[in-house]
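Chains as they are written, first to last, in the numbering used here: chain A, -3 to 323; chain B, -3 to 323. All residues carry an ideal CB built from backbone N, CA and C; glycine is no exception.
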DNA sequence: AATCGCCGTGAAAACGTTTTCTTACGGTCA
DNA sequence: TGACCGTAAGAAAACGTTTTCACGGCGATT
């Protein structure tokens, strides 16, 4: 009565519900009947009930994407790439945002299980999900971050190499007191920090790596502390795009003009091209990460028992500004 | 067998499936039984099947959010606000991205119907959805844009007033040849253009309003054309955040330095604070838009036959830079 | 003290599909 | 020409939950 279902269509077309189902699924059906069904569908304005469909046929045709910070353009780019890849394969995407909160991450992973999604692509917040991923009912591919010991499918940026590239570049430009700001909550931050430490040590430079908590104002505080040093740094590396902007804002607030430290960072966001005469940074292959993660997920679904693998992609150093020095 | 369901939990707890269901739903149940059920749930690792739940109880507890461009930070901010509001009410959000493509919009609206979502919040691409929204099975609240004649629930920015503020401000700063770039695909662009035209006419200024198609490179081309005028504009207004950045990029590319036109625009994105010494713009009350849209949607669900209403929110003029002139 | 209503429980129906399972129909091969 | 096989359609079961229905027990009202 209220809503019209497959039985109504069947009645209108003079066939059985099974035939309607088969027609809609594109299976073999007598052409005449198919035409009748299609006409009936049009006429009745029938809309399939996805909940019922998913309940019966155990395939939901849906994958979950859980990111750590939707405001971070890196993750929105990932989201777009993943959605595009899914769309091309006729899959739906459910997007969730944890805001770097492990509790929300747990909640959303649980929700994904309840949704009976086919698979999950996850940018984890900490090590905890590693354990969890193991006893999870659904296949998971990690992106951007991966806990150290874990045995997971993952597609990552080579963070150590990326940090090294930045340090090497700055060193080649003549900077010697290079400080780094790294996210405290993410594995990514740790790895970039490790690369930074290794590179500075190799070059015989003094290292100053600061861990920055996730939250407003934190980065600004750390920058202020750095500038207050007896021998303030002549170059700053920011561990991601959001932090990079905060660094610039902090430097502006401190009135550091031409004499201020040079800056470099991660994530090729559109604005980085026009600010401070262009800022030098590591560009992540976002499209590729999204596509690779989706491909890996589908592989896993196809071969549940194959050994897990980690794909590591390289970043691209983009040099901007005269010498990567602020205008 | 494969998956464990409510019957298994019931068996483990020594009660009927109905009691398990009632316990999980938080209805009145004998405390002893409740405890037994909760223990059984923990012990069995039971995960409810949301598809089955949604099928039986007609309420999906889900709303759809369809935005026009997920890369536009305005829309990601909206997404966050809506999700937050939904989360607080125990609702789920499905996020879709049309990329300004009416065909995808149609597709997603249809999908929302099939998903049996409780309601939809939609940032439409063109006039077409207006007609469509009328015969849609699900309540729709429009945001950011609304077709002219339509009778819809909508929460909008007062675009005419916002444009007027910008023109007035620039005029007060002494600019006289103010040109504007407005999105060609959206209603919002048209309205902001209308406000611009009215304001310039009132002030007796020459108007030059250009319609910019959605796509890469389009804005840059228009800016180049403007600069090539016999009397190039001394100020530019960009109709949204993405366009604003493209304008700056184009000006940089053209080598327009101190002598170049002043710029102003819409959307208070983080980077606008640090580029060109800060750019003057209209900030939209994003949180409020998202919250209001959600509230309006819930009202509509509660009172399906109440008359539709449009809430118009005001933008806030943020003046940056010395005189909103480029450094 | 007996009855009326209320509350909580279990059995069973229902939600709208898809997917067996069964059956009928032709066509092909022996 | 008869048996056999593949194909396609219809009947009915199944998916996992919520909700109605009927019933039994208990406290309150008369």
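Host alpha helix (DSSP H) of residue i (start-end)
| i | result |
| --- | --- |
| residue 218 of chain A | 214 to 223 |
| residue 191 of chain A | 183 to 199 |
| residue 306 of chain B | Looking at the DSSP string, residue 306 of chain B is not in any alpha helix (DSSP H); the run it does join, the beta strand (DSSP E), is 306 to 309. |
| residue 279 of chain B | Not the alpha helix (DSSP H): residue 279 of chain B falls in the beta strand (DSSP E), residues 276 to 279. |
| residue 28 of chain A | 27 to 40 |
| residue 237 of chain A | 237 to 249 |
| residue 49 of chain B | 46 to 52 |
Residue i, buried or exposed, once every other Cβ within 10 Å from all chains shown has been counted against 16
| i | result |
| --- | --- |
| residue 280 of chain B | buried |
| residue 212 of chain A | exposed |
| residue 65 of chain A | buried |
| residue 286 of chain B | buried |
| residue 53 of chain A | exposed |
| residue 261 of chain A | buried |
| residue 336 of chain A | Within the shown structure, residues of chain A are numbered from -3 to 323, placing residue 336 of chain A beyond reach of any answer. |
| residue 308 of chain A | exposed |
| residue -2 of chain A | exposed |
| residue 297 of chain A | exposed |
| residue 22 of chain A | exposed |
| residue 304 of chain B | exposed |
| residue 140 of chain A | buried |
| residue 170 of chain A | exposed |
Nearest-angstrom beta carbon gap, residue j and residue i [assumed within contact, 8 Å]
| i | j | result |
| --- | --- | --- |
| residue 150 of chain B | residue 306 of chain B | 5 Å |
| residue 154 of chain B | residue 311 of chain B | 7 Å |
| residue 216 of chain A | residue 245 of chain A | 7 Å |
| residue 292 of chain B | residue 137 of chain B | 5 Å |
| residue 56 of chain A | residue 113 of chain A | 6 Å |
| residue 234 of chain A | residue 177 of chain A | 5 Å |
| residue 251 of chain B | residue 276 of chain B | 22 Å between Cβ atoms; not a contact. |
| residue 32 of chain A | residue 11 of chain A | 7 Å |
| residue 271 of chain A | residue 315 of chain B | Not a contact, Cβ separation roughly 19 Å. |
| residue 258 of chain A | residue 226 of chain A | Going by Cβ atoms, the distance from residue 258 of chain A to residue 226 of chain A rounds to 19 Å, so no, they are not a contact pair. |
| residue 236 of chain A | residue 45 of chain A | Residue 236 of chain A to residue 45 of chain A, Cβ: 42 Å. No contact. |
| residue 62 of chain A | residue 101 of chain A | 7 Å |
| residue 82 of chain A | residue 239 of chain A | No, residue 82 of chain A and residue 239 of chain A are not in contact; Cβ-Cβ is about 30 Å, not under 8 Å. |
Three-state class that DSSP yields for residue i in the structure shown
| i | result |
| --- | --- |
| residue 321 of chain A | Residue confidence is low: residue 321 of chain A scores 44 on pLDDT, short of 50, so the model does not pin down where it sits. Its coordinate-derived value is still stated next. The answer is coil: DSSP assigns residue 321 of chain A none of H, G, I, E or B. |
| residue 58 of chain A | strand |
| residue 2 of chain A | helix |
| residue 100 of chain A | helix |
| residue 286 of chain B | helix |
| residue 66 of chain A | coil |
| residue 158 of chain A | helix |
| residue 273 of chain B | helix |
| residue 132 of chain B | coil |
| residue 150 of chain B | strand |
| residue 88 of chain A | strand |
| residue 116 of chain A | strand |
| residue 291 of chain A | helix |
| residue 164 of chain B | helix |
| residue 24 of chain B | coil |
| residue 83 of chain A | helix |
| residue 43 of chain B | coil |
| residue 302 of chain B | coil |
Start-to-end residues for the beta strand (DSSP E) that takes in residue i
| i | result |
| --- | --- |
| residue 136 of chain B | 136 to 139 |
| residue 95 of chain B | Looking at the DSSP string, residue 95 of chain B is not in any beta strand (DSSP E), and its letter there is neither H nor E. |
| residue 314 of chain A | 312 to 314 |
| residue 208 of chain B | 204 to 208 |
| residue 258 of chain B | 258 to 262 |
| residue 234 of chain B | 231 to 234 |
| residue 21 of chain B | Per DSSP, residue 21 of chain B belongs to no beta strand (DSSP E); it is in the alpha helix (DSSP H), 13 to 21. |
| residue 175 of chain B | 174 to 179 |
Positions along the segment 67 to 100 of chain B whose CB lies within less than 7 Å of some CB in chain A: 67, 72, 75, 76, 79, 90, 91, 93
Interfacial residues, the segment 220 to 252 of chain A to chain B, with Cβ spacing under 7 Å: 241, 244, 245, 248
Chain-ordered residues of the segment 41 to 56 of chain A with a beta carbon less than 8 Å from chain B: 43, 44, 45, 46, 47, 48, 50, 51, 56
Chain-ordered residues of the segment 264 to 275 of chain A with a beta carbon less than 7 Å from chain B: 266, 267, 269, 270, 271
Within 9 Å of chain A by C-beta, residues of the segment 103 to 119 of chain B in sequence order: 106, 107, 109, 110, 111, 112
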